[in-house]
Amino acid sequence: MHVHVLQHVPFEGLGSIEAWLSHRGARVTYTRFFEPAKLPALTDINFIIALGGPMSVNDEEQLPWLREEKRFVAEAVASNKAVLGICLGAQLIASALGSRVYPGSEKEIGWFPVFAEPALSNTFVFPASTEVFHWHGETFDLPAGAVHLASSAACRNQAFQIGARVIGLQFHLETTPKSAEAIINNCANELLPQQRYIQTEPALRAVPVANYAGINMLMTNVLEYLVRDGG
């Protein structure tokens with residue numbers, strides 16, 4: 001299995017996905033947009049993972065590589081590749097398919113529950129309620145034909161699925177204690193006081209390891225679902 005990773009900043013990496021890929025014996029390649037980068041041909045790629053980042057998908061003037069990345073993502077979806085978008089990655093899928101991405105009514109940073117939408121028999125099914133790690137200020141309209149999978153009190157569109165092989169997650173299931181530390185160290189300026197859905201730095205650092213183990217297991221379930229046909 002050839003997996004291509006779209007990475008936007010050095011401090012938002014694969015997290016727990018790295019161990020899953022190693023266990024699978026996957027060949028992993030990267031486009032790192034914080035370095036001189038070139039997107040590959042889709043021909044021999046089975047699975048694309050678009051990671052998070054602090055930029056907006058609307059920043060095309062400042063970050064012109066976003067235009068080419070969206071084209072690449074749209075082509076991957078049209079080609080029936082397995083695609084997983086995480087946070088910014090989910091917003092990229094939405095934007096690439098013509099949906100609007102815009103500031104949410106609330107920033108959501110920290111550990112808050114997401115709630116499963118009524119399940120369809122042919123989609124991934126989330127637990128009825130599960131506490132997950134968030135770090136985002138923007139949201140998106142669902143792309144045409146997408147199935148709504150999960151929501152939260154702060155943000156309606158938390159997860160969606162397109163067809164059998166594309167899932168967008170506004171939240172982070174791949175986060176480990178190490179990767180949480182990295183994003184806190186690089187984005188602590190976003191931890192504004194007295195916001196309903198922004199936890200404090202001490203609260204974020206006090207989260208027990210068991211929380212990470214729980215979301216990482218759910219991340220594995222999502223990954224296995226996307227490659228269940230051997231793709």
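Just so you know, we're using the UniProt record's numbering here: the sequence shown kicks off at 1 and counts up by one. Note that the Cβ used here is the ideal one computed from N, Cα and C, for glycine as well.
Counting only runs that start and end inside the region 86–111, the alpha helix (DSSP H) elements of at least 4 residues fall at 88–96.
By the Cβ test, the region 91–107 is not in contact with the region 119–126, since fewer than three Cβ pairs between them sit closer than 8 Å. Between the alpha carbons of residue 66 and residue 84 lies a distance of about 17 Å.
With contacts defined as CB atoms closer than 8 Å, residue 115 and residue 167 fail to qualify as a contacting pair. Of 19, 26, 79 and 111, the smallest CA-CA separation from residue 208 is found for 111. For residue 69, the uninterrupted alpha helix (DSSP H) segment begins and ends at 65–78.
Secondary structure at residue 32: strand, using DSSP grouped into helix, strand and coil. Below 8 Å, too few C-beta pairs join the region 20–39 and the region 193–206 to call them touching: fewer than three. For the 8 Å CB-CB criterion, residue 81 and residue 49 do not form a contact. Counting of Cβ neighbours within 10 angstroms places residue 16 among the buried residues, the total reaching 16 or more. Contact between residue 132 and residue 72 does not hold, since the beta-carbon distance rounds to 27 Å and is not under 8 Å.
Put simply, of 113, 79 and 44 the residue whose alpha carbon is nearest the alpha carbon of residue 129 is 113. Per DSSP, the unbroken beta strand (DSSP E) holding residue 159 starts and ends at 159–162. Comparing alpha-carbon positions, the option among 169, 11, 173 and 2 lying closest to residue 53 turns out to be 11. When DSSP states are grouped into helix, strand and coil, residue 52 belongs to the coil group.
Exposure of residue 61 is indicated by the presence of fewer than 16 other C-beta atoms within 10 angstroms of its C-beta.
Fewer than three beta-carbon pairs drawn from the region 209–225 and the region 138–151 are found closer than 8 Å, and the two stretches are therefore not classed as touching. A distance below 8 Å between beta-carbons, with the five flanking residues on each side excluded, links residue 20 to the following residues of its chain, in chain order: 219, 220 and 223. The three-state secondary structure of residue 202, taken from DSSP, is helix. Contact between residue 175 and residue 225 fails: their C-beta atoms lie close to 19 Å from each other, not under 8 Å.
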